[in-house]
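Residue numbers (the UniProt record's numbering): 1 to 147. Everything on this sheet refers to the single structure shown next.
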Amino acid sequence: MSIERLGPDDWRRFRAVRHAALRSDPDAFAASAHRWLDDLDVEPRWRERLEAVATYVACLDGTDVGTAGVSGDHELLGMWVARAARGTGVADRLVEAVARHAATGAPLHLRVMAGNAVGVRFYTRCGFVLTGPEPDAEGCLTMTRPR
1 MSIERLGPDD WRRFRAVRHA ALRSDPDAFA ASAHRWLDDL DVEPRWRERL
51 EAVATYVACL DGTDVGTAGV SGDHELLGMW VARAARGTGV ADRLVEAVAR
101 HAATGAPLHL RVMAGNAVGV RFYTRCGFVL TGPEPDAEGC LTMTRPR
C-alpha cells in the first residue's frame with residue numbers, strides 16, 4: 001500500500017476517488033460534500049481544492065482505495081476508505097499522513113456524521129475526542145485530537 005499526496009494536476013484522479021466515496025457511502029458525508037457531484041464538479045474547482053487542501057490518496061495493488069485531506073486550519077476533510085480496503089490499515093495510514101502534514105502543535109479537528117458510529121469509534125481510537133455533544137446543522141459531531 002502507498003499513500004500519495006496529490007497536486008492540482010491530479011484533479012482527475014482525485015475526482016474519481018471523491019465520486020466513488022460520495023456514491024458508495026453517501027450517508028458518511030454532510031450534504032454540502034455532495035455538491036462535488038453537481039455544481040462543484042468542474043476542473044477549476046477540483047484544482048482549487050487540491051491547492052487549498054493537502055490531499056492524500058491510498059493506493060492498494062494499483063487501485064485508489066481511500067482519501068483524506070487536511071486544510072490550513074488543521075481540519076481533517078473527506079476521509080473515506082473503499083469497503084474492500086476497510087480493516088487493512090488504510091484509514092490509519094491516511095490519518096497518520098494528515099497528522100504528519102499538520103504537525104505544527106495545533107490540534108487536528110474533524111467533523112463526522114453523528115450516525116456514523118464506526119467512524120466515531122475509529123477516530124476515538126486515533127486519539128480524537130468529541131468536543132460537543134450535539135450535532136451541527138448538517139448533522140455532524142466535532143472531534144479534536146490534541147497535540
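Yeah, the Cβ is synthetic: ideal placement off N, Cα and C, and Gly gets one too.
Open item on the list: In chain order, what are the residue ranges of uninterrupted alpha helix (DSSP H) at least 4 long that sit wholly in the UniProt domain "N-acetyltransferase" (1-147)?
Closed with: 11-24, 43-52, 90-101 and 117-125
- [ ] For leucine 130, count neighbouring C-beta atoms within 10 Å of its own C-beta (all shown protein chains included) and say buried if the count is 16 or more, exposed if not.
- [x] exposed
Open item on the list: Less than 7 Å between the C-beta atoms of alanine 106 and histidine 74, yes or no?
Closed with: yes
TODO: Measure the Cβ-Cβ separation of valine 70 and histidine 109 and say whether it is below 7 Å.
DONE: no
Open item on the list: Taking 7 Å as the threshold (C-beta atoms), are glycine 139 and methionine 113 in contact?
Closed with: yes
Task: Reference threonine 96; option with closest CA among Ser32, His34, Leu76 and Gly115 - done: Just to set this straight, residue 96 is glutamate in the shown sequence, not threonine. It is Leu76 whose Cα lies nearest to the Cα of glutamate 96.
TODO: Could you name the residues of the same chain whose beta carbon sits closer than 7 Å to that of glycine 7, not counting the 5 residues immediately before and after it, in chain order?
DONE: Leu50
Task: C-alpha distance - arginine 12 paired with aspartate 38, whole-angstrom precision - done: 15 Å
- [ ] Would you check if there are 3 or more beta carbon pairs closer than 8 Å linking the region 40-48 to the region 85-96?
- [x] no
- [ ] Give me the Cα-Cα distance between residue 178 and tyrosine 56, rounded to the nearest whole angstrom.
- [x] Outside the shown range of the chain (1 to 147) lies residue 178, about which nothing can therefore be said.
Task: Beta-carbon contacts of alanine 54 that lie in its chain and below 7 Å, excluding the five residues immediately before and after - done: Arg5, Gly69, Val70 and His101
- [ ] Would you tell me roughly how many angstroms separate the C-alpha atoms of arginine 23 and valine 81, rounded to the nearest one?
- [x] 12 Å
Task: arginine 145 classed as buried or exposed, judged by whether at least 16 other C-beta atoms fall within 10 angstroms - done: buried
Open item on the list: So, at 6 Å on beta carbons, what are the nonlocal neighbours of leucine 60 in its own chain, with the 5 sequence-adjacent residues on each side left out?
Closed with: Met1 and Ala85
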